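These notes concern the structure reproduced below.
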């Protein structure tokens with residue numbers, strides 16, 4: 002077993018941990034791992050990531066379902082719409098230059114990481130919305146858009162689906178995480194179908210990475226709820242930001258790569274400094290939310 006393959010398999014465990022704990026983040030890790038560690042072509046890496054994340058999500062969803070953390074009707078409605086968008090995105094992605102796909106992927110990583118570090122506004126934290134009250138048309142539209150992004154660049158699944166489920170369906174975060182895994186599995190396989198019309202894969206490597214990721218997802222599902230969500234998301238968000246900057250540096254031509262990477266680094270430093278060093282920073286609002294929720 003080569004060093005590159007060993008490193009790929011070890012890092013694949015982290016993919017599963019992310020999916021099991023957060024209900025997303027798998028593709029954000031899988032594409033760079035398969036591209037820069039395993040040495041796959043960007044299009045092959047994106048297509049392979051769709052299979053890895055889809056299979057891992059499906060297995061992890063079973064563990065969440067056993068603990069009552071999956072709303073099947075919500076997941077299937079969102080997932081069905083997402084499958085249509087993902088298949089279309091996969092078809093389009095197979096005809097777009099790999100460099101453009103990787104740059105789009107990196108920009109999504111940066112945007113996602115900032116949202117993760119900042120945290121979400123839990124406006125409806127105390128409310129519970131049942132499945133029969135779900136605004137179906139809006140969910141279908143959201144599913145199509147999220148699915149298109151997922152199929153196109155192999156990313157943007159869980160960290161778009163989880164907030165959508167929490168806001169649109171009024172689901173508690175643990176249930177939104179579990180339900181998102183059903184959606185991600187459906188969308189990932191649909192996107193893979195689109196890519197396989199123009200891309201071929203090394204199924205031996207894909208199978209090994211999938212097995213390692215599934216092992217990580219089982220552990221992540223068991224740890225779900227035991228680690229504070231806010232701390233987990235912020236730490237993972239910082240890691241994703243670093244990965245996004247790295248991909249930009251690798252893919253953009255000079256001097257644009259240095260300029261944009263430097264700007265991203267400065268922005269990241271400013272966000273962190275504002276949140277942790279400046280008392281009046283608006284990014285420090287989230288710690289007060291629990292108290293506000295309790296006051297209600």
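Numbering (the working numbering), first residue to last: 2 to 297.
Just so it is clear, CB atoms sit at the ideal spot from N, CA and C, and this is done for glycine as well.
None of these values were measured; they are calculated from a predicted model.
In this structure, DSSP gives residue 69 a state outside helix and strand, which the three-state scheme calls coil.
Taking the Cα of residue 110 as reference, the smallest distance to any Cα among 257, 245, 263, 270 is reached at 245. Out of 97, 260, 261, the CA that lies nearest to the CA of residue 44 is found in 97. Residue 30 has its alpha-carbon roughly 11 Å from the corresponding atom of residue 242.
Taking 8 Å as the cut-off, the beta carbon of residue 9 is found no closer than this to the beta carbon of residue 47. At a Cβ-Cβ threshold of 8 Å, residue 118 and residue 27 do not count as neighbours. Taking the C-beta atoms as reference points, residue 222 is found nearer than 8 Å to residue 61. Fewer than three Cβ pairs drawn from the stretch 193-202 and the stretch 59-77 lie within less than 8 Å of each other, which leaves the two stretches out of contact. One alpha carbon belongs to residue 266, the other to residue 114, and they sit about 12 Å apart.
Only buried fits residue 162, as 16 or more other CB atoms lie within 10 angstroms of its CB.
For residue 142, the enclosing alpha helix (DSSP H) covers residues 137-154.
In this structure, residue 94 lies near residue 153, with their beta-carbon atoms less than 8 Å apart. For residue 200, no alpha helix (DSSP H) segment is defined, and its DSSP state is neither H nor E. Within the same chain, and ignoring the five residues on either side of residue 202 in sequence, the residues whose Cβ sits closer than 7 Å to its Cβ are 45, 48, 49. Beyond the five residues adjoining it in sequence on each side, residue 250 comes within less than 8 Å, by CB distance, of 258, 259, 262 in the same chain, given in chain order. Taking all protein chains in view, the Cβ of residue 274 is surrounded by fewer than 16 other Cβ atoms within 10 Å, so the residue is classified as exposed. Here the alpha carbons of residue 3 and residue 41 stand approximately 15 Å from one another.
Assigned with DSSP and collapsed to three states, residue 39 falls in coil, not helix or strand. Secondary structure note for residue 282: it is in no alpha helix (DSSP H), with a DSSP letter that is neither H nor E. For residue 88, the closest C-alpha among the options 207, 145, 215 is that of 145. The Cβ neighbour count for residue 172, taken over all protein chains shown within 10 Å, is at least 16; the residue is labelled buried.
DSSP places residue 97 in the coil class of the three-state scheme, outside both helix and strand.
Judged by beta-carbon spacing, residue 39 lies within the 8 Å limit of residue 206, meaning their Cβ atoms are closer than that value.
Looking only at 269, 71, 228, 107, the smallest Cα-Cα distance to residue 166 is reached by 71.
In the structure shown, the three-state DSSP call for residue 33 is helix.
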